[in-house]
Amino acid sequence: MYIKIRKILSILLHRGDYVQYVKGISYYPECERKTKYQIMKDQLYFVWNYGYEEEYYYTYGFDRKEMSRDRMEEYIVPYRAFLQRIDYLNFHNPYYDDFNGKMTCRVINQDKFYFYLFLSRLGFPTPKVYCFIKNKTVIYADDSYNIDKSLSTREQLRIIFAKDIDAFAKPSDGMMGQGVFRLQIKDAKTYIDGAECSVDELIDIVLSADYILQETIIQDERMSKLCSSSVNTIRLQTVMDKNGEVIPFGAMIRIGREGSSVDNWAKGGVIVGINDDGKLKDVGFLKPKYGTTTKEHPDNHLIFDGYEIPLYQEAVDKAVELHKKMYRSHSIGWDIAITQKGPMFIEGNDRWEISMVQAVHGGMGYMMKYF
Numbered sequence: 001m002y003i004k005i006r007k008i009l010s011i012l013l014h015r016g017d018y019v020q021y022v023k024g025i026s027y028y029p030e031c032e033r034k035t036k037y038q039i040m041k042d043q044l045y046f047v048w049n050y051g052y053e054e055e056y057y058y059t060y061g062f063d064r065k066e067m068s069r070d071r072m073e074e075y076i077v078p079y080r081a082f083l084q085r086i087d088y089l090n091f092h093n094p095y096y097d098d099f100n101g102k103m104t105c106r107v108i109n110q111d112k113f114y115f116y117l118f119l120s121r122l123g124f125p126t127p128k129v130y131c132f133i134k135n136k137t138v139i140y141a142d143d144s145y146n147i148d149k150s151l152s153t154r155e156q157l158r159i160i161f162a163k164d165i166d167a168f169a170k171p172s173d174g175m176m177g178q179g180v181f182r183l184q185i186k187d188a189k190t191y192i193d194g195a196e197c198s199v200d201e202l203i204d205i206v207l208s209a210d211y212i213l214q215e216t217i218i219q220d221e222r223m224s225k226l227c228s229s230s231v232n233t234i235r236l237q238t239v240m241d242k243n244g245e246v247i248p249f250g251a252m253i254r255i256g257r258e259g260s261s262v263d264n265w266a267k268g269g270v271i272v273g274i275n276d277d278g279k280l281k282d283v284g285f286l287k288p289k290y291g292t293t294t295k296e297h298p299d300n301h302l303i304f305d306g307y308e309i310p311l312y313q314e315a316v317d318k319a320v321e322l323h324k325k326m327y328r329s330h331s332i333g334w335d336i337a338i339t340q341k342g343p344m345f346i347e348g349n350d351r352w353e354i355s356m357v358q359a360v361h362g363g364m365g366y367m368m369k370y371f
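Encoded structure:
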């Protein structure tokens with residue numbers, strides 16, 4: 001109760017970060033808006049009933065006068081409370097909980113190295129791993145490097161980085177694109193996101209966290225047209241019901257900004273909903289601090305409406321098939337690249353973003369029967 005009261009006072013007084021929940025920028029400026037008093041009343045309602053304000057109030061268009069309380073209840077709200085819910089369910093799968101939630105697929109989803117091993121063994125396409133550094137130790141390196149394990153970690157890495165490579169380096173437990181960079185080594189020169197650096201600087205970076213080096217993906221040219229500098233991935237959610245059936249929902253495309261090597265929404269990328277026929281909806285969304293909505297790519301001006309995503313249904317079918325093999329996961333947010341050879345699974349996220357889904361597809365309250 002103390003936390004609720006503190007949140008309520010912060011909203012009423014527009015204190016600190018709470019200003020954005022009352023005086024945010026509208027994603028629907030063409031529509032008639034609620035008054036500041038009505039917006040404040042809505043946020044107080046969320047806090048009082050759920051314990052959290054709604055962070056994506058403006059992204060969902062709740063500031064529109066037409067968005068009554070009943071209309072808002074068609075959405076899964078608030079964002080933080082739902083994250084807690086999927087956290088719980090991915091520990092305690094209601095279909096497959098023989099071990100009281102202590103053994104789930106969550107660790108496989110979160111750890112990019114385990115994810116690679118699991119998918120590789122099952123024969124699902126996923127980026128090749130060149131090496132994995134954990135606790136400042138090279139615990140895995142591709143056989144082609146012929147690493148002498150008696151050498152120090154830095155000496156082992158010097159051998160690995162002596163060869164030409166085009167890869168993405170990622171913290172193995174990272175989220176939202178944090179710490180990710182493109183690594184290119186060619187003709188004894190090392191580049192991080194296009195900027196030259198020394199091998200010693202590179203080694204210092206990959207020893208600063210548990211880093212995995214994955215091959216760079218060559219995406220289908222139709223995906224490159226969306227943004228040429230990033231691999232633009234399908235984000236698709238799947239959820240397992242109490243009967244063990246897997247339901248796909250809320251598909252979207254994540255598109256990077258020109259010059260950026262990542263497509264993450266948290267890094268300024270654009271998200272656009274995908275219709276059942278594999279074609280894009282007409283409006284793309286940016287995360288609040290990067291903008292609002294756009295009907296074309298902000299940099300290359302490609303029009304979203306009706307743009308067809310290649311091999312979309314095949315990607316959906318493979319995600320459903322894979323989730324059935326990862327049967328301890330209740331729900332997964334898949335990042336799927338479309339390569340020249342077909343769909344490829346980049347990641348499976350257990351803390352997927354309901355905010356992205358509802359921004360591009362509207363209220364997902366009808367899906368709560370699975371949660």
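Each residue of the sequence shown is one higher than the one before, counting from 1 in my numbering.
All C-beta atoms, glycine included, are put in the ideal place defined by N, C-alpha and C.
Using only CA atoms, which one of the options lies nearest to residue i?
i: C227; options: I3, G268, C197, T238; result: G268
i: Y145; options: K134, N135, V129, L83; result: V129
i: S198; options: A209, Q184, G348, D166; result: Q184
i: S26; options: I192, K4, K65, G278; result: K65
i: M223; options: F249, Q214, I255; result: I255
i: G179; options: N264, V77, F115; result: N264
i: R140; options: Y96, D193, Q214; result: Note on identity: in this sequence residue 140 is Tyr, with Arg being the wrong assignment. The residue with the shortest Cα to Cα distance from Y140 is Q214.
i: Q237; options: Y45, E314, I354; result: I354
i: E296; options: V283, K186, N135; result: V283
i: Y211; options: I247, L122, S172; result: S172
i: Y57; options: Y18, D187, I332, D164; result: Y18
Please list the terminal residues of the continuous beta strand (DSSP E) segment that includes residue i.
i: F285; result: 280-285
i: T137; result: 137-141
i: V270; result: 270-274
Based on DSSP bridge pairs, tell me the residues matched to residue i.
i: G184; result: Note on residue identity: the sequence assigns Gln, not Gly, to residue 184. Q184 pairs with D166, Y191.
i: Q219; result: T339
i: T238; result: P248, I332
i: L213; result: C131, A169
Alpha helix (DSSP H) containing residue i: first to last residue?
i: R254; result: Segment 246-255 is the beta strand (DSSP E) holding R254; no alpha helix (DSSP H) there.
i: I205; result: 199-206
i: Y114; result: 112-122
i: I133; result: Unbroken run through I133 is the beta strand (DSSP E), 129-134; no alpha helix (DSSP H).
i: F82; result: 79-89
i: E155; result: 153-160
i: K325; result: 312-325
i: M72; result: 69-72
i: Q43; result: 36-50
i: M356; result: 354-361
i: V22; result: 19-22
Tell me which same chain residues have a C-beta within less than 8 Å of the C-beta of residue i, skipping the five on either side of it?
i: R15; result: L9
i: I274; result: I234, A251, M252, I253, L280, K281, I309, Y312
i: M344; result: P125, T126, P127, I217, I336, A337, I338
i: V138; result: C131, F132, I147, T153, Q156, L157, I160
CB-CB under 6 Å to residue i, same chain, minus the five flanking residues each way: which ones, in chain order?
i: V206; result: I133
i: A359; result: T59, F285
i: Y307; result: L280
i: S231; result: The displayed chain sequence assigns Val, not Ser, to residue 231. Excluding residues within five positions, the ones whose Cβ falls inside 6 Å are I217, Q219, A337.
i: K7; result: V47
i: G363; result: E74, Y75
i: V246; result: T238, M240, V320, H323, K324
i: F181; result: A169, I192, D193
Counting only the same chain and skipping the five closest in sequence on each side, list residues whose C-beta sits under 7 Å from that of residue i.
i: K4; result: V47, W48, G51
i: Y116; result: T126, V129
i: L44; result: I8, I11
i: K287; result: W265, A266
i: S120; result: T126
Does the structure place the segment 241-253 close enough to the segment 148-165 that three or more beta carbon pairs sit under 8 Å?
No contact exists between the segment 148-165 and the segment 241-253.
Does the segment 318-326 come into contact with the segment 105-124, if we say contact requires no fewer than three beta-carbon pairs (one atom in each stretch) closer than 8 Å?
The segment 318-326 makes contact with the segment 105-124, as at least three CB pairs between them are under 8 Å.
Would the segment 291-301 and the segment 64-77 be scored as touching if the rule is three or more Cβ pairs under 8 Å?
With fewer than three CB-CB distances shorter than 8 Å, the segment 291-301 does not count as touching the segment 64-77.
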